[in-house]
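In the working numbering, the protein residues as written are 209 to 464.
In what follows, a single structure is set out as structure tokens and then discussed.
Following this line, the structure appears as structure tokens:
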């Protein structure tokens, strides 16, 4: 249909799924995460918890939890309202934690949508056993995206062709208990092994790896926009995951 002044409108004489409509991809992802018992943290002003001038938390868009600043994060958290995202600074504690995110480590999946145009972001996500400081973490550094456990039981690496890109990117990590699956920038890889010393409860960390002060070499620069987490589900190891289909659709629509 021609409306004049060079404007055309395409009319389709049938209904289409909500996910095909601009804006519907977020609703579809929320429904998929909710139905599967996952968590979705989305960097939106409505989800930022503030007390006075201080950011005190990041509330889940789907789920009942809120991430809180880590112990050494004493005012390092920065939220950019112009480009909704949490900003990480090199060598500065800016990260969040969710204590006891996992009661007993088994299968899990984590996904992070991020950008790191100016420096290595280094710490995207981690599950840490606390006092023992054993962990599985997801990182991008030196032209690679990788996931591994601290004790050296299992690791998986991918080249990072969009290293220092200004574009939003996504990395997904799944652990089955015997394999570590990684997806990033359209590529995937699998590492075989067992995360050592992680057979108990674990805390979640975003933008860092633990509650310990120091460790500045693990703190990079970049932005984190979305974090998703599923306990007891290794989605990358499953066939035809509806949750991953919704996540990829959301990523495509909101980062184009």
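The beta-carbon is built from N, C-alpha and C at its ideal position, and this holds for glycine as well.
Keep in mind it's a predicted model, so treat the numbers as computed, not measured.
Handout entry: Boundaries of the alpha helix (DSSP H) in which residue 347 is found, first to last residue
Key = On the chain shown, position 139 is the one that residue 347 refers to. Segment 343–349 is the beta strand (DSSP E) holding residue 347; no alpha helix (DSSP H) there.
Exercise for the section: Return helix, strand or coil for residue 376, following the three-state DSSP convention. Expected result: For this step, residue 376 is matched to residue 168 along the chain shown. Here residue 376 sits in coil by DSSP.
Handout entry: Burial state of residue 421, where buried means 16 or more other Cβ atoms lie within 10 Å
Key = The residue given as residue 421 occupies position 213 in the chain shown. Its Cβ having fewer than 16 others within 10 Å, residue 421 is exposed.
Exercise for the section: Check whether the segment 293–307 touches the segment 421–436, counting contact only when three or more Cβ pairs, one atom from each stretch, lie closer than 8 angstroms. Expected result: yes
Exercise for the section: Please determine, among 446, 442, 342 and 424, the residue with the shortest C-alpha to C-alpha distance to residue 303. Expected result: Numbered from 1 along the chain shown, position 95 holds the residue referred to as residue 303. Answer by Cα proximity: 424.
Problem - Which listed residue (346, 339 and 305) has its alpha carbon closest to that of residue 322 - result: Locating residue 322 in the chain shown gives position 114, counting from the first residue. The shortest C-alpha separation from residue 322 is found at 346.
Handout entry: Alpha-carbon spacing of residue 342 relative to residue 416, whole angstroms
Key = For the purposes of this step, residue 342 is taken as residue 134 along the chain shown, with counting starting at 1. For the purposes of this step, residue 416 is taken as residue 208 along the chain shown, with counting starting at 1. C-alpha separation (whole angstroms): 14 angstroms.
Handout entry: Sequence-distant residues of its chain with Cβ nearer than 8 angstroms to residue 409 (five each side left out)
Key = For the purposes of this step, residue 409 is identified with residue 201 of the chain shown, where counting begins at 1. Once the five neighbours on either side are set aside, the close Cβ partners of residue 409 are 308, 310, 311, 312, 313, 337 and 338.
Handout entry: Where residue 256 sits in the DSSP three-state scheme
Key = Stepping through the chain shown from its first residue, residue 256 is reached at position 48. Strand.
Practice task
Return the chain-ordered list of same chain residues with a C-beta closer than 6 angstroms to the C-beta of residue 378, the five sequence neighbours on each side being excluded.
Solution key: One-based indexing of the chain shown puts residue 378 at position 170. Within the same chain, residue 378 has close Cβ partners 321 and 459.
Practice task
Reducing DSSP to helix, strand and coil, say where residue 311 ends up.
Solution key: Here residue 311 refers to the residue found at position 103 when the chain shown is read from its first residue. In this structure, residue 311 counts as coil in the three-state DSSP scheme.
Problem - Span of the alpha helix (DSSP H), counted from its first residue to its last, around residue 297 - result: For the purposes of this step, residue 297 is taken as the residue at position 89 of the chain shown. No alpha helix (DSSP H) holds residue 297; DSSP gives it neither H nor E.
Problem - N-terminal and C-terminal residue of the beta strand (DSSP E) that residue 323 is part of - result: Residue numbering aside, residue 323 sits at position 115 when the chain shown is read from its first letter. Unbroken beta strand (DSSP E) run through residue 323: 316–323.
Handout entry: Span separating the alpha-carbon of residue 278 from that of residue 261
Key = Position 70 of the chain shown, counting from 1, holds the residue named residue 278. Position 53 of the chain shown, counting from 1, holds the residue named residue 261. The straight-line gap from Cα to Cα measures roughly 17 angstroms.
Exercise for the section: Following the continuous alpha helix (DSSP H) through residue 450, name the residue where it begins and the one where it ends. Expected result: As a first step, residue 450 is located in the chain shown; it is residue number 242 there, counting from the start. Segment 450–463, the alpha helix (DSSP H) holding residue 450.
Practice task
For residue 419, I'd like the list of residues in its chain whose CB is within less than 6 angstroms of its CB, leaving aside the five on either flank, ordered along the chain.
Solution key: Start at 1 with the first residue of the chain shown, and residue 419 comes out as number 211. Excluding sequence neighbours, residue 419 sits near 278 and 279.
Practice task
Look at the alpha carbon of residue 350 and the alpha carbon of residue 428, and state the distance between them as a whole number of angstroms.
Solution key: The residue labelled residue 350 in the question sits at position 142 within the chain shown. The residue labelled residue 428 in the question sits at position 220 within the chain shown. Roughly 11 angstroms separates the two Cα atoms.
Exercise for the section: Please name the residue in 436, 282, 371 and 451 whose C-alpha comes closest to that of residue 163. Expected result: Nothing can be reported for residue 163: it is not among the residues displayed for the chain, which extend from 209 to 464.
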